[in-house]
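When we follow my numbering, the leftmost residue of the sequence shown carries the number 21, and every step to the right adds one.
No residue lacks a Cβ here, since even glycine has one placed at the ideal position from N, Cα and C.
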Amino acid sequence: EKMRINKCRNISGNFMELADFPHLKELDLHDTAVTGDTRIISVDDFPVLERLSLPRNVRGGRGYEFRHVPEVPVFMQTINAL
């Protein structure tokens, strides 16, 4: 399943509330008021997600796009170490 909600500033909440959706393969929340922190994503979150696009409001979002959830924690550790 794909969820694309973008360019809609009225959509808010924490993106991690969608982490348990078992069939979610694509999540695009670009340019929404959604918040959260990518550093807390674990390998058990978003079990089948293949693509993740988050808004700048999300810590670590900044318009980054990830193709695999396991990339997120490693990426966040790398950019936070700089």
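I60 (DSSP reduced to helix, strand or coil)
Three-state result, I60: helix.
Are the beta-carbon atoms belonging to R24 and D48 less than 9 Å from one another?
In this structure, the beta-carbon distance from R24 to D48 falls below 9 Å.
If you run the structure through DSSP and keep just helix, strand and coil, what is I25?
coil
Using the C-alpha atoms, what's the distance from F41 back to V63?
14 Å
Neighbourhood of V92 by C-beta distance below 8 Å, restricted to the same chain and skipping five residues each side
Here the set comprises T58, I61, L72, G80 and F86.
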